[in-house]
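Since the structure comes first, as structure tokens, the remarks are kept for the end.
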Amino acid sequence: MRIRSGGVSDVGRVRTNNEDCYRIVPDMGLFVLSDGMGGEAHGEVASALAVETVVKHCLEGENNPALPVFGETQAGWSPRTKRLSSSVHLANKRIFDSAAQHPEQSGMGATLTAIWLVENSLSIAHVGDSRAYILRAGSLQQLTSDHSLVAEQVRRGILTTAQAEESEMQSVLLRALGANPDVEVDAEEQPLFPRDILLLCSDGLTRMVMEPEIAGALQSEPDPGTAAARLVALANERGGADNVTVIIVSAGTESRGWFSWLRRAERKSTNGHGHTGGK
Amino acid sequence: MAKLSLMFEQRLVKEVPVGSRPVSIGRSPDNDLPVDNLAVSNYHARVYFEAGRLVVEDLDSLNGTFVNDMRVERATLHDGDSIWIGKHHIKVDATHDTALPMDYGRKANAPRINETMVLDTKVRRDMLQQAAAMGERTQFAAGRLKVPTIIVLSGKTDQKEYALTNKLTVIGRSSLATVRLKGWFKPVMAAQINQRDDGYYVVAGDKIPTVNGSPINGPVRLNDGDLIEISGVRLNFIFRE
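Just so you know, the sequences run in chain order A and B. If you use the numbering used here, the first sequence corresponds to residues 410 to 688, in order. If you use the numbering used here, the second sequence corresponds to residues 9 to 249, in order.
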């Protein structure tokens with residue numbers, strides 16, 4: 410499957426420094442995003458350390474399958490999902506150790522959301538309140554669970570989603586990298602379907618731009634880099650209260666040849682009914 | 009506790025709390041909120057809690073139920089909404105149901121938190137315990153342990169039953185689909201069932217499924233026992249104990 414991708418990060422309209430960090434490694438199909446926190450410039454240190462550790466550990470694992478795997482893994486996971494999860498555990502440890510050695514960094518932390526795409530298999534690893542979304546057949550779906558207090562309250566049926574969006578407690582996280590010597594990492598695998606579009610973003614996007622608008626931008630702008638830039642611009646137009654980072658990854662169509670050409674023609678005719686399946 | 013206030017013009021007629029039992033609204037005097045007006049059906053609508061959300065449901069009334077300005081069959085209610093029935097309206101007060109007690113000694117600087125912070129383990133445990141206690145009080149915790157399951161009632165699929173363990177479930181002919189439809193002319197991706205924080209949603213694929221007979225218009229949250237029809241296959245969504 411042909412993969413196209415693009416990413417944009419911006420300081421926003423209010424803050425003076427950008428504590429977000431992201432990395433796209435197209436040759437590996439690896440996409441990593443982190444949102445740092447902590448006083449002075451230490452959020453930047455934490456998110457950069459997180460992204461660098463994840464990319465490096467995954468790359469080393471590709472070259473050396475015997476490289477140790479950190480943290481708990483599930484038996485059903487592919488070696489890549491295990492490696493990705495391991496890299497997040499390692500990033501947690503690096504940030505925690507660095508803060509322990511440098512008292513001025515005390516309290517620094519970071520979110521981390523990473524996806525690794527190989528053929529039609531998608532591995533996801535995640536800690537914090539950055540998000541991964543998938544746009545499939547016109548519908549946007551969040552792939553990751555926010556590790557925030559309000560999201561946990563929604564899962565427990567205490568808050569509604571609307572109440573969570575208005576809550577003043579949105580910035581309270583239950584999990585982040587660097588807060589404890591080890592961290593619970595969410596990891597899972599999904600099959601990737603042709604025409605799926607993936608989006609990773611920091612909360613600077615989702616606090617400013619609504620999900621139907623995100624879905625709209627992904628559907629109307631075929632170039633991933635341009636779509637990412639458009640979403641970042643929209644977050645800034647709304648006030649840009651936080652740093653905002655967006656990565657978009659677009660899966661191509663399955664096959665070429667005249668059979669797929671026929672199917673495309675069929676799709677064109679069904680599109681005439683105006684069905685996009687979105688909200 | 010959420011509260012409904014029946015108003016006629018600016019005058020308060022009656023106020024009732026919404027608890028575990030639905031609040032019925034209609035012209036018949038045995039309703040919890042009787043509305044004495046010929047434009048109102050005998051049993052017009054009801055309001056109840058469902059998975060933590062306050063919901064209004066129209067009971068096939070003749071003149072309809074409106075939330076703010078929109079006619080609805082069923083809608084989630086938010087604090088400050090108005091339900092219009094004939095010339096009466098019902099004000100929704102849901103402010104007090106959800107506040108989690110936050111008395112862990114930080115009240116002074118609790119109000120607005122702009123900087124992201126991480127709860128340390130002890131505070132986190134305390135808060136989640138409080139949250140769990142509230143969850144039990146509102147009777148939602150028990151429902152979480154059930155396994156969402158799709159049972160095939162008719163149509164050709166590769167299995168007769170599917171436990172929805174994955175966040176994303178695709179129904180279609182694709183070899184990657186969870187619920188695989190058999191037959192050459194079936195759509196590759198007919199529909200999807202996706203897990204969100206507040207439940208399971210059926211979502212369109214290349215086709216539009218129906219839920220309990222009505223075609224969906226955007227993602228629809230599934231309830232225990234719902235019937236989904238897509239591309240000649242009938243599926244029953246249940247929560248299995």
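Note that the Cβ used here is the ideal one computed from N, Cα and C, for glycine as well.
Quick one: is B/V80 near chain A, going by C-beta distance under 8 Å?
Closer than 8 Å: no.
Determine the direct distance from the alpha carbon of B/G233 to that of B/R54, and round the result to whole angstroms.
C-alpha separation (whole angstroms): 20 Å.
Which chain A residues sit within Cβ distance under 8 Å of B/H96?
In chain order: nothing, as chain A lies at least about 25 Å away.
Can you find the residues in the same chain that come closer than 7 Å, C-beta to C-beta, to A/R584, ignoring five residues on each side of it along the sequence?
V536, G537, H556, V592 and E593.
With A/S659 as the anchor, note down where its beta strand (DSSP E) starts and where it stops.
That run of the beta strand (DSSP E) goes V653 to A660.
Answer with buried or exposed for B/P227, where buried requires no fewer than 16 other C-beta atoms within 10 angstroms of its C-beta.
Buried.
Name, please, each residue of chain A whose Cβ falls closer than 7 Å to the Cβ of B/A250.
Nothing about residue 250 of chain B can be read from this structure; chain B reaches only from 9 to 249.
State yes or no: is the beta carbon of B/K190 nearer than 8 Å to at least one beta carbon in chain A?
False, the Cβ-Cβ gap to chain A never drops below 8 Å.
What do you get for A/R565, buried or exposed, if any count of 16 or more other CB atoms within 10 angstroms of its CB means buried?
When all chains shown are included, A/R565 counts as buried.
In the region 493 to 523 of chain A, which residues sit with their C-beta less than 8 Å from some C-beta in chain B, listed in chain order?
From the region 493 to 523 of chain A, only G518 have a Cβ closer than 8 Å to chain B.
B/P223 by DSSP, collapsed to three states: which one?
Three-state DSSP puts B/P223 in a strand.
Within the continuous beta strand (DSSP E) that includes A/Q551, where are the two ends?
Element bounds for A/Q551: S548 to Q551.
May I ask which residues mark the beginning and end of the alpha helix (DSSP H) holding A/A457?
Per DSSP, A/A457 belongs to the alpha helix (DSSP H) from H451 to N472.
When you compare the CB of A/A560 with every CB in chain B, is at least one pair closer than 8 Å?
Yes, because at least one Cβ of chain B sits closer than 8 Å to the Cβ of A/A560.
For a cutoff of 8 Å on Cβ pairs, would you count B/H86 as touching chain A?
With 8 Å as the cut-off, B/H86 counts as an interface residue toward chain A.
Could you run through the region 577 to 591 of chain A and flag, in chain order, every residue whose CB is less than 9 Å away from some CB of chain B?
Residues E577, M578, Q579, S580, V581, L582, L583, R584, A585, G587, A588 and N589.
What's the call for A/V423, buried or exposed, on a 16-neighbour Cβ count within 10 Å?
A/V423 should be labelled exposed.
Can you say whether A/I657 is buried or exposed, counting buried as having 16 or more other CB atoms within 10 angstroms of its CB?
Its Cβ being crowded by 16 or more others within 10 Å, A/I657 is buried.
Considering only C-alpha positions, which residue in the set B/F193, B/Q203, B/T165 and B/R204 is nearest to B/A185?
Residue B/T165 is the option with its Cα nearest to B/A185.
According to a CB-to-CB cut-off of less than 8 Å, which residues of the region 177 to 188 of chain B neighbour chain A?
If the cut-off is 8 Å between Cβ atoms, the region 177 to 188 of chain B has V178, S182 and L184 near chain A.
Near B/A150, which residues of its chain fall below 6 Å by C-beta distance, leaving aside the five closest residues on each side in sequence?
Residue placement at B/A150 is poorly supported in this model, since its pLDDT is 43, which falls under 50; the coordinates still yield a value, given next. Nothing meets the Cβ criterion.
Buried or exposed: B/M197, going by 16 or more other Cβ atoms within 10 Å of its Cβ?
Buried: at least 16 other Cβ atoms inside 10 Å.
Residues in the same chain with beta-carbon distance under 6 Å from B/E237, minus the five sequence neighbours each way, listed in chain order, please.
Taken in chain order, the residues that qualify are T218.
Name the chain B residues whose beta carbon is nearer than 8 Å to that of A/G547?
Those within 8 Å of A/G547 in chain B are A212.
Strictly below 7 Å CB to CB, what residues from chain A border B/V126?
G518, L582, A585 and A588, listed in chain order.
Based on DSSP bridge pairs, tell me the residues matched to B/N202.
DSSP lists B/L176 and B/Y209 as partners of B/N202.
Is A/M619 close to chain B, meaning its C-beta is less than 8 Å from at least one C-beta of that chain?
It does not: the Cβ of A/M619 has no partner Cβ on chain B nearer than 8 Å.
Since A/I370 and A/A519 should fall inside the 8 Å C-beta cutoff, what is the C-beta to C-beta distance between them, to a whole number of angstroms?
Past the edges of chain A, shown from 410 to 688, lies residue 370 of chain A, and the structure says nothing about it.
Between B/P195 and the rest of its own chain, which residues show a CB-CB distance below 7 Å, the 5 nearest in sequence each way excluded?
These residues qualify, in order along the chain: G180, R181, G213, D214, K215 and S239.
Use the C-beta contact count for A/V417: other C-beta atoms within 10 angstroms, 16 or more gives buried, fewer gives exposed.
Buried, because 16 or more other Cβ atoms sit within 10 Å of the Cβ of A/V417.
Here's a check: name, in chain order, each residue in its chain whose Cβ is nearer than 8 Å to the Cβ of B/Q147, leaving out the five neighbours to either side.
Confidence at B/Q147 is low in this model, with a pLDDT of 38, below 50, so its placement is unreliable and the value that follows should be read with caution. Counting only Cβ-Cβ distances below 8 Å, and skipping sequence neighbours, we find S28.
Tell me which same chain residues have a C-beta within less than 7 Å of the C-beta of B/G113, skipping the five on either side of it?
Because the pLDDT at B/G113 is just 30, under 50, the model does not fix this residue reliably, and the point stays unresolved.
Strictly below 8 Å CB to CB, what residues from chain B border A/Q599?
What A/Q599 touches in chain B: N174, K175 and L176.
Give every residue of the same chain whose Cβ lies closer than 8 Å to the Cβ of A/V618, excluding the five residues on either side of it in the sequence, and list them in chain order.
For A/V618, where only same-chain residues beyond five positions count, the Cβ hits under 8 Å are L640, L643, A644 and R647.
Under 8 Å Cβ-Cβ, which residues of chain B neighbour A/V563?
Those are G60, D205 and D206, listed as they occur along chain B.
B/Q200 CB to nearest chain A CB: under 8 Å?
Closer than 8 Å to some Cβ of chain A, the Cβ of B/Q200 qualifies, so yes.
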